[in-house]
Ligand code: AGP
């Protein structure tokens, strides 16, 4: 039932990811030899950057900062000339990002800017020194879904290419098998397709679940899944207008958990043993805990609702974890008879 553009966009992700794996990446030696990275983006694009931060740090061993482009002009961040700026934007038209880059180029004209964008003829492409155009196709719904996955694939591939480049120069710095990482990436389109098929037996039908009577919800993730908690919360806010907040699972216990009360829904992303003991406490308080993780994972049984995904390499699980969150946002919005493709007050890009 692809009766909305958002649902259609969600279902296109296996093909989009396959297309993003197939394109050439025009990465110059100047880009590959960068000493540090500063990634600038807004909204969902920033969340994709925060996922990729983990890949750049753990796989390519390169220092990276992910910054909110909308806050750039309120600060005076120091940009060294050996820094690679990655400007990440679905539209390539986001004013905050364009302003930040213009300011950086004015102060440090020699800086290298690599744009990753879904629209080839956008102002961002003209501002940047080089650009990678993601082959996601037009994303008609305001909520970013397939463009988010497209950004993730390109960033994962850049991290692997940087690791490969570094390993040729000094093999001891990058102790990972590049060919293993590339093999991991190849299974993504099929794993996304299978996960979507299984999930769509239960969700993505435009029907609300019992706990969707709540006006608030919390999403908990640890490490690389924390930005996915932020992304899921953004999807729920902008499509279903619920007060959704994403937290690092550890940080949630340092105060925010005081908001919990019986019936409060909590979505736990890839819970491990440590998170599971907190979830048991939350269930004892009467909260409804929804778990998302790999099929058969030992920390899922006993939760109030469970969404299971294909089992792929851990470093790529964010591609799958985000899928049920996109579908739940769609369901919650449709159950409230909202226009999922065109939420109130919002436009596709903030110019
Ligand atoms: C995502 O669902 C939102 N519509 C919004 O946060 C968006 O990601 C943000 O405005 C950035 O847009 P861009 O990627 O086109 O720069």
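In our numbering, the protein residues as written are 720 to 1070.
Glycine residues also receive a C-beta, built at the ideal position from the N, C-alpha and C atoms.
Since this is a predicted model, take the numbers as computed values, not measurements.
- Taken through DSSP and simplified to helix, strand or coil, residue 738 comes out as helix.
- Taking C-alpha positions only, residue 1010 is separated from residue 926 by approximately 19 Å.
- Residue 728 is classed as buried because its beta carbon has at least 16 other beta carbons within 10 Å across all chains shown.
- With fewer than 16 other beta carbons inside 10 angstroms of its own, residue 825 counts as exposed.
- Taking residue 998 as reference, the option from 979, 829, 1013 with the minimal CA-CA separation is 979.
- Each residue's CA atom was taken as its position, placing residue 726 and residue 1049 some 7 Å apart.
- Comparing alpha carbon positions, the residue from 928, 771, 909 closest to residue 944 is 771.
- For ligand 1, no non-hydrogen atom lies closer than 7 Å to the CB of residue 730.
- The three-state reading of DSSP puts residue 750 in helix, counting H, G and I together.
- Three or more Cβ pairs closer than 8 Å define a contact, and the stretch 741 to 751 falls short of that threshold against the stretch 1001 to 1008.
- A buried status is given to residue 870, since no fewer than 16 other beta-carbon atoms sit within 10 Å of its beta-carbon.
- Its Cα nearest to that of residue 785, the residue 806 stands out among 792, 806, 973.
- When only Cα atoms are considered, residue 881 and residue 897 end up about 10 Å apart.
- By the criterion of at least three beta-carbon pairs nearer than 8 Å, the stretch 834 to 841 is not in contact with the stretch 901 to 913.
- Per the Cβ contact rule, the stretch 974 to 993 is not in contact with the stretch 1049 to 1069 (fewer than 3 Cβ pairs under 8 Å).
- Between residue 1059 and residue 723, the C-beta spacing is below 8 Å.
- Taken through DSSP and simplified to helix, strand or coil, residue 1056 comes out as coil.
- Selection 1026, 902, 768, 741 evaluated against residue 921 yields 1026 as nearest (Cα-Cα).
- Exposure of residue 741 is indicated by the presence of fewer than 16 other C-beta atoms within 10 angstroms of its C-beta.
- For residue 848, the closest C-alpha among the options 858, 919, 861, 830 is that of 830.
- Separation of the CB atoms of residue 1018 and residue 1053 is rounded to 30 Å, and the pair is thereby denied contact status at 8 Å.
- Listed in chain order, the beta strand (DSSP E) elements of length 3 or more contained wholly in the stretch 931 to 966 are 935 to 940.
- Taking the C-beta atoms as reference points, residue 982 is found no nearer than 8 Å to residue 938.
- The beta carbon of residue 810 sits closer than 7 Å to at least one heavy atom of ligand 1.
- For residue 1036, there is no enclosing beta strand (DSSP E), since its DSSP letter is neither H nor E.
- In the DSSP annotation of this structure, residue 929 is not part of any beta strand (DSSP E), being labelled neither H nor E.
- For residue 1007, the uninterrupted beta strand (DSSP E) segment begins and ends at 1007 to 1013.
- The nearest non-hydrogen atom of ligand 1 is less than 7 Å from the C-beta of residue 1068.
- When C-alpha distances from residue 970 are compared across 773, 940, 812, the shortest belongs to 940.
- Judged by beta-carbon spacing, residue 733 lies beyond the 8 Å limit of residue 854, meaning their Cβ atoms are not closer than that value.
- Counting of Cβ neighbours within 10 angstroms places residue 779 among the buried residues, the total reaching 16 or more.
- In the three-state DSSP reduction, residue 808 falls in the strand class (E or B).
- Look at residue 821 here: in three-state DSSP terms it is helix.
- For residue 1045, the number of other beta carbons within 10 angstroms of its own is at least 16, and it is reported as buried.
- The beta carbons of residue 861 and residue 823 sit no closer together than 8 Å.
- A distance below 8 Å between beta-carbons, with the five flanking residues on each side excluded, links residue 821 to the following residues of its chain, in chain order: 846.
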